[in-house]
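In terms of mature numbering (1 follows the signal peptide of the UniProt record, and there is no 0), the sequence shown is residues -22 to -1, 1 to 455. For glycine and all other residues, C-beta sits at the position ideal for the given N, C-alpha and C. Every value quoted in this text rests on a predicted model; they were computed, and no experiment measured them.
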Amino acid sequence: MKRNLLLRLLALTMLVSGAFFATSCNKEEVESGNDTDRPINEGQPEGSIRIGGNMEEDLTLEKGNEYWLEANLNMRPGTTLTIEEGVTVWVSPYNNPEIVIHGNMFAWGTEAAPILFTLPEAQPEFFQYGTVNWGGINGAEVPEGSERPDQEIGMTYVTIQYAGGPMNENSEAVRVDKLEPGELGYSVFFNNNKGKLYMENCTVEHSGGDAIYIERGQIALFHNTVAYAGTTEDEAFNFKQGTVGDCGFNLMYSAATNGIKINNSKPTGSDSQTNVNMYNNTMAYCGWRRDGERGGSINIEKNAKGRILNNLIVNSKFGTKVDPSTDIAGENTIVKGNYYFGHVESNATQGNGYLPHHGIQPYDGEEDDTHVGHETFWRVFKGTCNFFTEAGVNEWTDELEDPQFAEFADVTPNVDGTPSQELDYKQMDFRLKSTSPGVDFGTDDETLLIPQVVTQVGEVTVNRPQPSATVGAFGSN
């Protein structure tokens, strides 16, 4: 019998028989958390259906119901977790449970009926992420020597809050040696170079560590919002070896370090070179909680390649950093049509905050310690960043035009991560006014580096948006 029918019947008896734990696991698995002295159902909203444990068959969370994730939900190979529109999944803030997908997960929310993962109580303040954050949604690692090309995670109109909590011995990221117990984890973790991750119109807020961490995988990430990721480090999107695909039209707000970090540092024999189209994203107030020379907007390094086009970067610590270790051969990496404005860190003799001094520089000879030279730099940067006074000329200006958001709070960045000083991004409108200099500043004729790699997930067709010459994620009003 399918689990959805069983859960329907049990929901009718909730008030009489109490909560149900849909699982075949033992007591030791149920109590696998950071605070096992608490009863596992503490804080459970009345009427919610308990879920968790090892699933050997499909499970459907049906619309009209609320659910209580009290321990790890482990979807075994060949199974599918389906979450219908309008479902709320409450998560125990005390046991740090997580969802682990060996098979498939499809969460098709709608604009009218989104899906929500959140904590019912003990919700932390800004950046006070600790024991109460939960373990997030994890694509399970494929066993060594095998492939799992049918592993898919697809989400539309899903909000994930307060994930990326401290790892424990049962956490997927610990099991695959990405993190140690006690370290803050990820809100979404994927680790299969043959599998697919698709997220569109989703929101990830208050992640303890990196919000979306792709160790390897085929990706399609469009029209998402990632806000308040990390405490004193961590990224909104972190793409590692074997990651290929698209990341476009997303908002990254107040990430601790970068909006997007991309590298190809530790590929295995079956991994493709990391290759991501990063275009028409908006990044605001990113990088300030990270000490030193890291953070800000986009950081590409360690033999990765990609297209960095038409991004709008405002009040972020540094502009796009192309590390000298990046694959910049030929046209493997192109930075074009990006627009910068606002507060920036610029205390070095070379570069400015918009052009980080620790990335490649447009000089020849002794002036340039990145050893790429004038010609190579301009081949990569294509001459269309608005802080340069003229394409091909090593002169820049800090007198940049306001991009004219429809509604924006332009304040001093919250460097110390003080909760009372943090702004609510939902009170802002990141569309550009029709008079904005960002309208038509970008490029719509630059070929994306790779064809669309994720065209269908489950029964849903994925439509890749084309680059827009209006910079940023939201167009103009």
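Inset, instruction - Go to A205, then tell me how far its beta strand (DSSP E) extends in each direction, as first and last residue. - result: 203 to 205
Inset, instruction - Report yes or no: do the region 270 to 285 and the region 311 to 328 share at least 3 C-beta pairs separated by less than 8 Å? - result: yes
Legend entry - Secondary structure of R28, DSSP reduced to three states: strand
Inset, instruction - Would you mind stating whether T203 and F408 have Cβ atoms separated by less than 7 Å? - result: no
Legend entry - Selection from L37, M33, G160 that minimises the alpha carbon distance to N74: G160
Inset, instruction - Report yes if the CB atom of residue 461 is closer than 7 Å to the CB atom of Y45, and no otherwise. - result: Because the chain is modelled from -22 through 455, residue 461 falls outside the range shown and cannot be assessed.
Inset, instruction - Out of Q129, D422, T221, G42, point me to the one whose CA is closest to G284's CA. - result: T221
Legend entry - Alpha carbon of V8 to alpha carbon of F383, nearest angstrom: For V8, the predicted model reports a pLDDT of 29, less than 50, meaning its position is unreliable and no value from the coordinates is stated.
Legend entry - Within the region 195 to 250, ranges of the beta strand (DSSP E) (whole runs, at least 3 residues): 203 to 205, 215 to 217, 221 to 226, 229 to 231, 238 to 240
Legend entry - Through-space distance from T354 to G308, alpha-carbon basis: 9 Å
Inset, instruction - Taking only the alpha-carbon atoms, compute the straight-line gap between C180 and P340 and give it to the nearest angstrom. - result: One C-alpha to the other measures close to 38 Å.
Legend entry - Extent of the continuous alpha helix (DSSP H) to which G351 belongs: 351 to 359
Legend entry - Selected residue, minimal CA-CA separation from F104, among D224, A233, G56: Of all alpha-carbon atoms in D224, A233, G56, the one lying nearest the alpha-carbon of F104 is that of A233.
Inset, instruction - Just list the beta strand (DSSP E) runs in the region 69 to 129, keeping only unbroken ones of 3 residues or longer that don't cross its boundaries, in chain order. - result: Segments of the beta strand (DSSP E) lying fully in the region 69 to 129: 77 to 79, 82 to 86, 93 to 96, 115 to 117.
Inset, instruction - Please go through the region 246 to 307 and give each complete beta strand (DSSP E) segment of 3 or more residues, from N-terminal end onward. - result: 253 to 257, 260 to 262, 276 to 278, 283 to 287, 290 to 292
Inset, instruction - Express the C-alpha separation of P127 and I115 in angstroms, rounding to a whole number. - result: Between the alpha carbons of I115 and P127 lies a gap of roughly 19 Å.
Inset, instruction - Mind checking who N52 pairs with in its DSSP beta bridge? - result: Under DSSP, N52 forms a beta bridge with N32, V78.
Legend entry - Residue from G187, R194, G31, T88 with nearest C-alpha to G247: R194
Inset, instruction - Using DSSP bridges, identify the partner residues of F386. - result: Per DSSP, none; premise fails for F386.
Legend entry - Of the listed residues I93, E211, V438, G123, nearest to Q139 (C-alpha basis): Nearest C-alpha to Q139: I93.
Legend entry - Sheet register partners of G132 (DSSP bridge): F84, Y176.
Legend entry - Given 8 Å, three or more beta-carbon pairs between the region 393 to 408 and the region 351 to 368: no
Inset, instruction - Measure the Cβ-Cβ separation of G142 and S185 and say whether it is below 7 Å. - result: yes
Inset, instruction - Kindly indicate which three-state DSSP category K404 falls into: helix, strand or coil? - result: Correct three-state label for K404: helix.
Inset, instruction - Assess, as a yes-or-no matter, whether the region 435 to 445 is touched by the region 405 to 419 under the definition of 3 or more beta carbon pairs within less than 8 Å. - result: no
Inset, instruction - Just the C-alpha distance for N50 and T448, rounded to the nearest angstrom, thanks. - result: 43 Å
Inset, instruction - Leaving aside the five residues before and after T311 along the sequence, list all residues of the same chain whose C-beta is less than 7 Å from its C-beta, in chain order. - result: I278, K283, G284, V300, T304, D305, V358
Legend entry - Segment contact, 8 Å Cβ cut-off, at least three pairs: the region 121 to 135 with the region 143 to 150: Verdict: no, contact absent.
Inset, instruction - Please work out which residues of its chain come closer than 7 Å, Cβ to Cβ, to E76, disregarding the five sequence neighbours upstream and downstream, and give them in chain order. - result: N50, W112, G113, G114, N116, S149, E150
Inset, instruction - Kindly indicate the opening and closing residues of the beta strand (DSSP E) around E373. - result: Here E373 belongs to no beta strand (DSSP E), and DSSP marks it neither H nor E.
Inset, instruction - Give, in chain order, every unbroken run of the beta strand (DSSP E) that is at least 3 residues long and sits entirely within the region 396 to 451. - result: Here the runs fully enclosed are 407 to 410.
Legend entry - Span separating the alpha-carbon of N289 from that of E20: 44 Å
Inset, instruction - Tell me Q139's beta-bridge partners as DSSP assigns them. - result: The secondary-structure analysis by DSSP pairs Q139 across a beta bridge with E183.
Legend entry - DSSP beta-bridge partners of S454: L410
Legend entry - Status (buried if at least 16 other CB within 10 Å, exposed otherwise) for G329: It is buried - the Cβ of G329 has at least 16 other Cβ atoms within 10 Å.
Legend entry - Beta-ladder partner(s) of E44, from DSSP: T66
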